[in-house]
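Protein chains in written order, with the numbering used here: chain A, 943 to 1207; chain B, 943 to 1207; chain C, 943 to 1207; chain D, 943 to 1207.
Working notes for the structure below.
4 protein chains.
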Amino acid sequence: MWLRTSCDLAFDITVPTPFILMLRPRSGVQQWVAREEYRLVPSVAVFEFTDNYGNLCQRLIAPPGAFALHTAADVMTADYVDQAPGAPFVQIQDLPDAVLSYLLPSRYCESDRFNQMATSITAGQRLGYDQVASIEAWLRNTIRYEPGSSDIPVSAVEVNARQSGVCRDLSHLGIALCRSLSIPARLVVGYLYGLEPMDLHAWFEAYVAGRWYTFDATQAELRGGYVAIGYGRDAADVAVYNQFGPAVYTTAQEVRVQCIEEGAA
Amino acid sequence: MWLRTSCDLAFDITVPTPFILMLRPRSGVQQWVAREEYRLVPSVAVFEFTDNYGNLCQRLIAPPGAFALHTAADVMTADYVDQAPGAPFVQIQDLPDAVLSYLLPSRYCESDRFNQMATSITAGQRLGYDQVASIEAWLRNTIRYEPGSSDIPVSAVEVNARQSGVCRDLSHLGIALCRSLSIPARLVVGYLYGLEPMDLHAWFEAYVAGRWYTFDATQAELRGGYVAIGYGRDAADVAVYNQFGPAVYTTAQEVRVQCIEEGAA
Amino acid sequence: MWLRTSCDLAFDITVPTPFILMLRPRSGVQQWVAREEYRLVPSVAVFEFTDNYGNLCQRLIAPPGAFALHTAADVMTADYVDQAPGAPFVQIQDLPDAVLSYLLPSRYCESDRFNQMATSITAGQRLGYDQVASIEAWLRNTIRYEPGSSDIPVSAVEVNARQSGVCRDLSHLGIALCRSLSIPARLVVGYLYGLEPMDLHAWFEAYVAGRWYTFDATQAELRGGYVAIGYGRDAADVAVYNQFGPAVYTTAQEVRVQCIEEGAA
Amino acid sequence: MWLRTSCDLAFDITVPTPFILMLRPRSGVQQWVAREEYRLVPSVAVFEFTDNYGNLCQRLIAPPGAFALHTAADVMTADYVDQAPGAPFVQIQDLPDAVLSYLLPSRYCESDRFNQMATSITAGQRLGYDQVASIEAWLRNTIRYEPGSSDIPVSAVEVNARQSGVCRDLSHLGIALCRSLSIPARLVVGYLYGLEPMDLHAWFEAYVAGRWYTFDATQAELRGGYVAIGYGRDAADVAVYNQFGPAVYTTAQEVRVQCIEEGAA
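Below, the structure is given as structure tokens:
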């Protein structure tokens, strides 16, 4: 399906503030970006670079006053997310080098603390896809999903203690559980068509049978319509914006995702 | 200045043909891409990757029949190209690691064959920017610039024998001369506002005083309005399209560059 | 000075066990490896790769039974560690792209939780090197250093609660405090000549005035004799060995560092 | 088999001369470096970096006077080189991104000029390994192999005109022929056990059936005993030493390869 996504952010800046943004979806294996816009008001100098995970990041200094970002894209993405019950676990020795870092614990995914719990949740499952699917089902049934955003990111250990969280939190716990079973897992930030209420979204991917598969415990069932903006080990790596210096808050944020016909102007 | 660039390419394909394309300008130190389009007719699966030089490349298989690419971008670029008479040569030991490969000879820039000639052309110049500027002036005065495109790329040695060439050829000779003096140099392919006749363009950059500077022997004098699509050691690395299998020719190619007001729709 | 380092590790393996090792020091800006050995008993197939941080990592599967690693190196390293009181803080916008990831919170360095504490510790210091030096001094005076190794790595928040820790723990807390002030900081694992008791060691580096500087709160004062094996955001990235599957413990570990004359056989 | 390799180079330097060296074999898929030495006389500061092809390179400035390099390594390498008659050609669209650059023409391998000749040489062969094997056989039977080294590297076009060349030249022609058939090919520089007369050696690899295979037209038949030092598109990328400024020549060069028992001291 073809989706038109947009994200408008507005800030009230008091002192010149360095930002690192990650708001440009990239074409890749799973999506094609046919049109894209990225405007800043007022216009300032921006430097773009590619981070360790292949994300396009933008560096700039926001000047004092009102500062707004308008981003939009037309993206072709899959109607249905691939699912692969029974797809096998990949032995550590067979993982590509580039995937190994997704086995390590990270800021919000303390996978070194979850082995017993993950073993219990996935008891009786075939190693691989089915383990991850049972983790996703467990999250869906156990951790209360609270749409919206939390001010301070919390880690998988904290999410598990609270038994509730936003999309990012459920993903972090899912990732920590996967990694504790030696299944590489990563966080994805982006858009989801039909998300209620509409907002930026986060889900996770696990590496089984030689490729990454999508999982999302916030939805009743897996469907299509995902547009990825960034990938990383967890939310520390994939912030839509990182801001330095005195804290700055958004004065407005509007996210839209609509279905379009290909080539619509 | 804000420029709206577009490049439309049409092919007549007889057998399924793998392509590697390089048609997506990237935001970087010297330009900001505020809007971008990339459409294929018919629509086919495309995989995007970043090459060794940081260029975004697109892989696809063109199906038999008419096949067309439409790319366009709104880009903010400098009104005037930076010039720095007297800017010093960078000692080899002070070059960043990533710049070293631009000292080596490459397919179309046999820098290992030009040392004597380069020394003669730059006699009396201060080491660094002024050497490159004198190479650029020598090219402008010596090698006849023939707009348009040549079917078969030729190398710096061949260009020097012919004493004429297209934009790419003049750049290759300039690059070979710079490298033979241990000045890193690279080819840039992209757009130039006001180019006569309008077409895709190629120029070169040399690394002096800690950064890359633009040079272009095809123009009477350096001015602004450049939009880079790709960087590389020479045209072998920076092909707008590489096509594999039986040769395929463009049935149509149209390049446009116009000046716009920022934010025009 | 020239140092001869060695690390011998022995394991008792019950089932074939995948390992990822990081035991090969690399020559770099601060050290030169003139001789190096890396032997496995029994000999097994090893695949080496370079991780995101530039470390050389070795992948292998340890067979059941006794398994031993013998590594040794002759390394030239600085007699005195560079110190630079007054060296200035680097503005975010001036940091190299590759350094930015060392500003982010990571598994064992929850820098997002330490801003107030870091501000208090560094009150009155000039921004940059002096802030880091005051953090190092605070660690030295406040957190009890307990040589030896802990079984389970703990994070900066936990170290701060305990007020004691091994070398790695003090470094993690130092890193978290630096990053919370927007000073890039990273963990280094390696050898230190004269360490008492001798063991593998960990310290940290902070990026000020355009380069990395060494800090080590476990020593009464900074001196030379450091040999780095690996760099990373924290201990999750820089494990001397990562082992997958049922836990495996070392049956023997011996680390030696001696001063040699250059070229000694 | 276990091999002990060494390469000693001596230079007579008149002015401080920047060098980039590539003399450190790396452990990888096909070889394991158990011991390694790298000494400079006199000792100077060396900075090591990894180039675009994954080779470890050393940068230094040689001081005026006698300057010598001593490198040695104990390496485990295959007794027999893998051969795979009938192994299939990999379609362009199935090649890994990282392999694509080995399809492009390069300084000494003008693959854009050899398609007709390659098609003729490989007529009747199955696409893939057998094509490369027939190119290797054609080189062996057609181009006279002249051991030793040539002063000035020549390109595949020139080698083909001369009908003779050193190991590097035969490899360049083999690579150009492979690439002209859309088979990725690369140059390898290193050691070969039993080479007559003993010297540094060069051979080539072609990518078929999902991996790199070794080919060497200088030997009567493929056997084991290869130790790779560096990989690249051609000799421009894989120079054992690149030297800048006034030309410097070796006053002595000695290469040795002997068979050892594992673990010999």
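The beta carbon of each residue, even a glycine, is placed where N, CA and C say it ideally should be.
Residue contact with chain A for C/ASN1057: absent (no Cβ-Cβ distance below 7 Å to any residue of chain A).
In the displayed model, C/TYR1071 falls within a helix according to three-state DSSP. Here D/ALA1118 is actually not in contact with D/VAL1130; their C-beta atoms are around 16 Å apart, not less than 8 Å. Per the Cβ contact rule, the segment 995-1003 of chain B is in contact with the segment 1165-1173 of chain B (3 or more Cβ pairs under 8 Å). Closest in alpha carbon position to D/THR959, among D/ALA1065, D/VAL986 and D/TYR980, is D/VAL986. Distance check between D/MET1018 and each of D/CYS1109, D/LEU945 and D/SER1113 places D/LEU945 closest, using alpha-carbon atoms only.
For the segment 968-995 of chain C, residues whose beta-carbon sits nearer than 9 Å to a beta-carbon of chain D comprise ARG968, SER969, GLY970, VAL971, TRP974, VAL975, ALA976, ARG977, GLU978, GLU979, TYR980, ARG981, LEU982, VAL983, SER985, ALA987, VAL988, PHE989, GLU990, PHE991 and THR992.
Take the alpha-carbon of D/HIS1114 and the one of C/ARG1110: they are about 51 Å apart.
Against D/ALA1148, chain B offers no close residue; the least beta-carbon distance is about 16 Å (beta-carbon pairs closer than 9 Å).
Residue pairing by DSSP places B/PHE991 opposite B/CYS999 in a beta bridge.
Check the Cα spacing between A/VAL1101 and each of A/GLU990, A/GLU1052, A/LEU1046 and A/ALA1026: the tightest is with A/GLU1052. Interface annotation, C/ASP1039: in contact with chain A, CB-CB separation under 7 Å. As DSSP reads the structure, C/ASN1184 sits in a beta bridge with C/ILE962. Only ARG1001 and ILE1003 from the segment 995-1017 of chain A bring a Cβ to less than 7 Å from some Cβ of chain C. A/ARG1121 is not a Cβ neighbour of A/GLU1147, given a cutoff of 7 Å. Distance from the Cα of C/PHE991 is smallest, within the candidate group D/PHE1009, D/GLY1007, D/SER969 and D/PRO984, for D/SER969. By the criterion of a C-beta distance shorter than 6 Å, C/GLN1200 is surrounded in its chain by ARG946, once the five residues flanking it on both sides are discounted.
When the beta-carbon positions are compared, B/SER1106 and B/ARG1086 come within less than 7 Å of each other.
In the three-state reduction of the DSSP assignment, A/ILE1125 falls in the coil class, being assigned neither a helical nor a strand state. Excluding the 5 residues flanking it on each side, D/ILE1003 has same chain C-beta neighbours closer than 6 Å at PRO958 and PRO960, in chain order. When the five nearest sequence neighbours on each side are left out, the beta carbons in the same chain lying within less than 6 Å of the beta carbon of C/TRP1154 are those of GLU1147, in order along the chain.
Ranked by Cα distance from A/ALA1060, the options A/GLN1033, A/VAL1099 and A/ILE1034 are led by A/VAL1099. Here D/THR1084 carries a helix assignment [DSSP, helix/strand/coil].
Taking C-alpha positions only, C/VAL1197 is separated from C/LEU1142 by approximately 7 Å.
Residue B/TYR1022 holds the alpha-carbon nearest to the alpha-carbon of B/ARG1165 among B/TYR1022, B/LEU951, B/GLN973 and B/TYR980.
Contact residues of the segment 1104-1128 of chain B toward chain D are SER1124 (C-beta to C-beta distance below 9 Å). Flagged as an interface residue toward chain A: C/ARG1049, by a C-beta distance shorter than 7 Å.
Shown here, D/SER948 sits in a strand according to DSSP, grouped into three states. Secondary structure of C/ALA1103 (DSSP, three-state): helix. If you draw a straight line from the Cα of B/ALA1103 to the Cα of B/ILE1094, it is about 16 Å long. Scanning chain A for C-beta atoms nearer than 9 Å to the C-beta of B/GLU1204 yields ARG981 and SER985, reported in chain order. The continuous beta strand (DSSP E) containing B/THR1019 extends over residues 1007-1019. Contact between A/VAL1074 and A/PHE1186 does not hold, since their C-beta atoms are separated by about 36 Å, which reaches or exceeds 8 Å. The segment 1024-1078 of chain C contains, as complete alpha helix (DSSP H) runs of 4+ residues, the segments 1057-1063 (chain order). The residues MET943, LEU945, THR1019, LEU1134, TYR1135 and GLY1136, in chain order, have a CB closer than 7 Å to that of A/GLY1167 in the same chain once the five nearest residues on each side in sequence are set aside.
The segment 1026-1044 of chain A makes no contact with the segment 1023-1036 of chain C, as fewer than three CB pairs between them are under 8 Å.
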